[in-house]
Amino acid sequence: MSELLSDTALDQLFRQARTYNAFQDLPVSDELLRRVYELAKFGPTSANSSPARIVFVKSAEAKARLEPFLSEGNRAKTMKAPVTAIVGTDHEFYERLPQLFPHADARSWFVGNQPMIDTTAFRNATLQGAYLIMAARAVGLDCGPMSGFDNAGVDRAFFGDTPNIKSNFLINLGYGDASRDLFPRSPRLSFEEACRIA
Numbered sequence: 001m002s003e004l005l006s007d008t009a010l011d012q013l014f015r016q017a018r019t020y021n022a023f024q025d026l027p028v029s030d031e032l033l034r035r036v037y038e039l040a041k042f043g044p045t046s047a048n049s050s051p052a053r054i055v056f057v058k059s060a061e062a063k064a065r066l067e068p069f070l071s072e073g074n075r076a077k078t079m080k081a082p083v084t085a086i087v088g089t090d091h092e093f094y095e096r097l098p099q100l101f102p103h104a105d106a107r108s109w110f111v112g113n114q115p116m117i118d119t120t121a122f123r124n125a126t127l128q129g130a131y132l133i134m135a136a137r138a139v140g141l142d143c144g145p146m147s148g149f150d151n152a153g154v155d156r157a158f159f160g161d162t163p164n165i166k167s168n169f170l171i172n173l174g175y176g177d178a179s180r181d182l183f184p185r186s187p188r189l190s191f192e193e194a195c196r197i198a
């Protein structure tokens, strides 16, 4: 049985974690981004399908490519964030199943079944994006996940040579600046409002 994480860890991952709109002017190393992925990749997905494909936008050139496709409300904060992760979804994920799920012919479950491909891809890539947030928090980064961008434009700019990959959502990453644009925490539903035990 696993041990309960400390209150400090639970605060960092959940209770005190926030969606940041401003970040300190501190770099995020490529090595730390690799570490984030190396943790996030262990989160479960259907048949280990792992359909998320991530672009970490860091360079001035890449930021300039991203900027035109951001909504007005997301543009300034994203351009100032040290890194923006584009969480994409590979709709040909099943081609990797012989590698990722070798004990069964899982590829055959999907080939020719576009509704199942699309549902499985979207669900599991979204899950992986959530794992990415938790992994980033676990290594000391703060996150600002968001929609509010032109998916088709981002797809052309960053996945143009892989049309099977479609953008899902964005996550600004860095060291959050709690002194700027950090809104009061919004309410959450209670257990009684959101859950039932059957």
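Residues in the sequence shown are numbered from 1 upward in steps of one, following UniProt numbering.
Note that CB positions come from ideal geometry on N, CA and C, so glycine has one too.
Using the Cα positions of G140 and G112, report the straight-line distance between them to the nearest angstrom. On the sequence shown, position 140 is the one that residue 140 refers to. On the sequence shown, position 112 is the one that residue 112 refers to. Distance between the alpha carbons of G140 and G112 is about 42 Å.
Which value, in whole angstroms, describes the spacing of the CA atoms of A130 and Q114? For the purposes of this step, residue 130 is taken as residue 130 along the sequence shown, with counting starting at 1. For the purposes of this step, residue 114 is taken as residue 114 along the sequence shown, with counting starting at 1. Computed Cα separation, rounded: 24 Å.
Looking only at its own chain, which residues have a Cβ that is under 6 Å from the Cβ of T19, when we skip the five neighbours before and after it? Position 19 of the sequence shown, counted from the start, is the residue given in the question as residue 19. The residues are G144.
For the beta strand (DSSP E) holding D142, just list the boundary residues, first then last. Position 142 of the sequence shown, counted from the start, is the residue given in the question as residue 142. It spans D142 to M146 - the beta strand (DSSP E) in which D142 sits, taken as one unbroken run.
Report yes if the C-beta distance between T89 and F110 is below 7 Å; otherwise report no. Taking the sequence shown and counting its residues from 1, the one referred to as residue 89 is at position 89. Taking the sequence shown and counting its residues from 1, the one referred to as residue 110 is at position 110. Against a cut-off of 7 Å, the Cβ pair of F110 and T89 comes out as no contact.
Whole-angstrom C-beta distance between L182 and N74, which should lie under 8 Å: Here residue 74 refers to the residue found at position 74 when the sequence shown is read from its first residue. Here residue 182 refers to the residue found at position 182 when the sequence shown is read from its first residue. With 8 Å as the limit, N74 and L182 do not qualify as a contact, their Cβ atoms being about 16 Å apart.
Helix, strand or coil for V55? Go by DSSP, reduced to three states. Numbered from its first residue, the sequence shown carries residue 55 at position 55. Of the three classes helix, strand and coil, the one that applies to V55 here is strand, per DSSP.
Rounded separation between A60 and K80 - CA only: Counting from 1 along the sequence shown, the entry for residue 60 is found at position 60. Counting from 1 along the sequence shown, the entry for residue 80 is found at position 80. Cα-Cα distance, rounded: 11 Å.
Where does residue 203 sit, in a helix, a strand or coil, going by DSSP? No answer is possible for residue 203: it lies beyond the span of the chain, which begins at 1 and ends at 198.
With distance defined between alpha-carbon atoms, name the residue in F101, V154 and L33 nearest to V83. The sequence position of residue 83 within the sequence shown is 83, counting from 1. Of F101, V154 and L33, the residue nearest in Cα terms is L33.
Let me make sure I understand the geometry here. Which of P44, E3 and E31 has the alpha-carbon closest to that of A125? Within the sequence shown, numbered from 1, the residue matching residue 125 stands at position 125. Of P44, E3 and E31, the residue nearest in Cα terms is P44.
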